[in-house]
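Notes to accompany the following structure.
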Amino acid sequence: MQKVLLTGDRPSGQLHLGHYVGSLRNRITLQNSGEYDCFVMIADIQALTDNFKNPAAVRENVFEVACDYLAVGLDPQKTTLCIQSLIPALAELTMYYMNLVTVARLQRNPTVKTEIQSKDFGSGVPTGFLVYPISQAADITFCKAHVVPVGEDQLPMIEQTREIVRSFNSIYGEVLVEPEALIPTDENSRRLPGITGNDTKMSKSLNNGIYLADDADTLRAKVRQMYTDPGHLKVSDPGKIEGNTVFTYLDVFGTDTAQIAELKEQYQRGGLGDVKVKDYLFEVLDELLAPIRARRAEYAADPAQVYQILKQGTERANEVASATLSEVRAAMKIDYFS
Ligand code: TRP
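The working numbering applies: residue 41 is where the sequence shown begins, and numbers increase by one.
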């Protein structure tokens, strides 16, 4: 039997190259490997836990993320794309799982802790936010996912899910599947720095991102702004490639390794200007992004098609969820009328 794979994102706006390198690219590979029954969930309920006052933004972000997914090559024939809030079984599972997790355990969750510190919750942490790891356990278990590809920051969520599964199965019987996290081994999936360099990751709040939706002129302008070696003033000066964002990107996105090695050598020796290297990087990125951008524009111009794809995926997710829920209810002896 094929293994079930589930992953997802809190929709927080358009996706950028950091997302592409960190997860999207890997999801496409996994999808196309044919080894898994793949689910990708747009976690809008989770997004609402810290954006409940901005429902319009969350709704917009769901659409943007869906366009990005389809543009990079998530294929609705192979991957079930679904919307969290339209799978009511998740809310029900979350409620049952809540009994299995202490408040103290949630407060100790490292990811939740860091997020609470970085967000301004003012008068206090909403209950919905504190319990989102339990809701995430419902996301992962509704389809009995074996594998969850995630970044390191999500490991505490997978661990939390595993604890819930073990607890559930030991109390009610073996119904749920204990998932494994799948951390990409590709070293290029490490965090991509933003265009301003300085070890900051690409993120919306830092305004240092290159987005899949960026047009060619925007891309060129962003590449031109990229952080290089501040000591490399004249073309003839020797330049540093360590910490030089342009070369970091070439290592990640470039395919012509001989050419890149040559550029590095020239740059370090002196005699190669930043603009030349940047123009080369632009070509490399544009080759990757041009087809993605074109597909994205088609989807963005046809919301009905995008929503139809999401609707079909969500329908399938609901069928799978109902089957799991029946087993859960039977195991918990609350299947009164069946
Ligand atoms: N917590 C994830 C994030 O912040 C999103 C998410 C929700 C998720 N449900 C999931 C990830 C299930 C993997 C599996 O992006």
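Where a beta carbon is used, it is the ideal one built from N, C-alpha and C, also for glycine.
Given the structure is predicted, the values throughout are model-derived calculations rather than measurements.
Q: Tell me where the alpha helix (DSSP H) around T285 begins and ends.
A: Numbered from 1 along the sequence shown, position 245 holds the residue referred to as residue 285. Run containing T285: 285 to 293, per the alpha helix (DSSP H) assignment.
Q: Could you round the C-beta distance between T30 and Y267 to whole angstroms and report it? I think they count as a contact, below 8 Å.
A: There is no way to answer for residue 30, as the model of the chain reaches only from 41 to 378.
Q) Going by C-alpha distance, which of A106, N72, T295 is nearest T354? A) Looking up residue 354 in the sequence shown gives position 314. Taking only the C-alpha atoms, the option nearest T354 is A106.
Q. Between the C-alpha atoms of K373 and F182, what's the straight-line distance to the nearest angstrom?
A. The residue you call residue 373 lines up with position 333 of the sequence shown. The residue you call residue 182 lines up with position 142 of the sequence shown. Each residue's alpha carbon lies about 18 Å from the other.
Q. If L133 sits next to V360, beta carbons under 8 Å apart, how far is it from one beta carbon to the other, in whole angstroms?
A. Indexing the sequence shown from 1 puts residue 133 at position 93. Indexing the sequence shown from 1 puts residue 360 at position 320. No, L133 and V360 are not in contact; Cβ-Cβ is about 12 Å, not under 8 Å.
Q) Which stretch, first to last residue, makes up the alpha helix (DSSP H) that contains T47? A) The residue labelled residue 47 in the question sits at position 7 within the sequence shown. No alpha helix (DSSP H) contains T47, which is instead part of the beta strand (DSSP E) from 43 to 49.
Q: State buried or exposed for S418, treating a residue as buried only when at least 16 other CB atoms are found within 10 Å of its CB.
A: Shown here, the chain extends from 41 to 378; a query on residue 418 therefore has no answer.
(Q) Any heavy atom of the ligand TRP inside 7 Å of the beta-carbon of L46? (A) Residue 46 sits at position 6 when you count from the first residue of the sequence shown. Indeed, a heavy atom of the ligand TRP lies less than 7 Å from the Cβ.
Q. How many Å lie between R202 and N139 at the Cα?
A. Here residue 202 corresponds to residue number 162 of the sequence shown, with the count starting at 1. Here residue 139 corresponds to residue number 99 of the sequence shown, with the count starting at 1. Each residue's alpha carbon lies about 15 Å from the other.
Q.
Between M138 and the ligand TRP, is there a pair consisting of the residue's CB and a ligand heavy atom that are separated by less than 7 Å?
A. The count along the sequence shown starts at 1 and reaches residue 138 at position 98. No, the beta carbon of M138 sits no closer than 7 Å to any heavy atom of the ligand TRP.
(Q) Among P224, E75, A178, whose alpha-carbon lies nearest the alpha-carbon of I204? (A) Start at 1 with the first residue of the sequence shown, and residue 204 comes out as number 164. Nearest C-alpha to I204: A178.
**Q.** C-beta atoms of L70 and C78 nearer than 8 Å
**A.** Residue 70 sits at position 30 when you count from the first residue of the sequence shown. Residue 78 sits at position 38 when you count from the first residue of the sequence shown. Contact: yes.
Q: Kindly indicate which three-state DSSP category I235 falls into: helix, strand or coil?
A: For the purposes of this step, residue 235 is taken as residue 195 along the sequence shown, with counting starting at 1. Reduced to three states, the DSSP call for I235 is coil.
Q: With DSSP as the reference, label M81 as helix, strand or coil.
A: In the sequence shown, counting from the first residue as 1, residue 81 sits at position 41. If DSSP states are grouped into helix, strand and coil, M81 belongs with the strands.
Q) S175: buried (16+ other C-beta within 10 angstroms of its C-beta) or exposed? A) Mapped onto the sequence shown, residue 175 falls at position 135. Looking at its Cβ environment, which holds 16 or more other Cβ atoms inside 10 Å, S175 is buried.
**Q.** In chain order, each alpha helix (DSSP H) run of at least 4 residues that lies wholly inside the region 289 to 344
**A.** 297 to 309, 314 to 340
Q: Give the straight-line distance between the Cα atoms of S210 and A131, rounded to the nearest whole angstrom.
A: Reading the sequence shown from its first residue, position 170 is the one you call residue 210. Reading the sequence shown from its first residue, position 91 is the one you call residue 131. Distance between the alpha carbons of S210 and A131 is about 22 Å.
Q: Spell out a yes or no on whether the region 105 to 121 and the region 155 to 164 are touching, meaning 3 or more CB-CB pairs, one atom from each, closer than 8 Å.
A: no
**Q.** P189, enclosing alpha helix (DSSP H) - first and last residue
**A.** Here the question's residue 189 lines up with position 149 in the sequence shown. Unbroken run through P189 is the beta strand (DSSP E), 187 to 189; no alpha helix (DSSP H).
Q: Report all residues from its chain with a CB closer than 6 Å to the CB of F322; omit the five preceding and five following residues, and keep chain order.
A: Indexing the sequence shown from 1 puts residue 322 at position 282. Counting only Cβ-Cβ distances below 6 Å, and skipping sequence neighbours, we find R260, V263.
Q: Decide if the region 233 to 251 is in contact with the region 264 to 283; the criterion is three or more beta carbon pairs, one per stretch, under 8 Å apart.
A: yes
Q: Look up Y136 in the DSSP assignment and say whether it is helix, strand or coil.
A: Counted from its first residue, the sequence shown places residue 136 at position 96. Correct three-state label for Y136: helix.
Q) Going by the beta-carbon positions, is the gap between T151 and Q194 smaller than 8 Å? A) Taking the sequence shown and counting its residues from 1, one reaches residue 151 at position 111. Taking the sequence shown and counting its residues from 1, one reaches residue 194 at position 154. Cβ atoms of T151 and Q194: closer than 8 Å.
**Q.** Range of the contiguous alpha helix (DSSP H) that encloses I123
**A.** As a first step, residue 123 is located in the sequence shown; it is residue number 83 there, counting from the start. Run containing I123: none in the alpha helix (DSSP H); it sits in the beta strand (DSSP E), 119 to 123.
Q. Taking Cβ to Cβ, would you say T295 is nearer than 8 Å to V190?
A. Working through the sequence shown from its first residue, we reach residue 295 at position 255. Working through the sequence shown from its first residue, we reach residue 190 at position 150. No; because the gap between Cβ atoms is not below 8 Å, this pair is not in contact.
(Q) Using a Cβ-Cβ cutoff of less than 8 Å, which residues in the same chain neighbour G58 once the five nearest sequence positions on both sides are dropped? (A) For the purposes of this step, residue 58 is taken as the residue at position 18 of the sequence shown. If we look at G58 and ignore the five residues flanking it on each side, its Cβ neighbours are R231, L232, G234, K241, M242, S243, G249.
Q: State the DSSP-derived secondary structure class of S272, mapped to helix, strand or coil.
A: Numbered from its first residue, the sequence shown carries residue 272 at position 232. The residue asked about is misnamed: residue 272 is His in this sequence, not Ser. It is coil, neither helix nor strand.
Q: Using only alpha-carbon positions, find the residue among E214, A221, Y212, A83 that is nearest to E199.
A: Position 159 of the sequence shown, counted from the first residue, corresponds to residue 199. Answer by Cα proximity: A221.
Q: Compute every distance between the C-beta of Q71 and the non-hydrogen atoms of the ligand TRP, then say whether any falls below 7 Å.
A: Residue numbering aside, residue 71 sits at position 31 when the sequence shown is read from its first letter. False, no ligand heavy atom lies under 7 Å from that Cβ.
Q: Find out if the Cβ-Cβ distance for the pair L350, L252 is shorter than 8 Å.
A: In the sequence shown, the residue the question calls residue 350 occupies position 310. In the sequence shown, the residue the question calls residue 252 occupies position 212. Not a contact, by the Cβ cut-off of 8 Å.
Q: Throw me the rounded Cβ distance for the D84 and P128 pair, which I believe falls under 8 Å.
A: The count along the sequence shown starts at 1 and reaches residue 84 at position 44. The count along the sequence shown starts at 1 and reaches residue 128 at position 88. Actually they are not in contact, since the Cβ atoms of D84 and P128 sit about 13 Å apart, beyond 8 Å.
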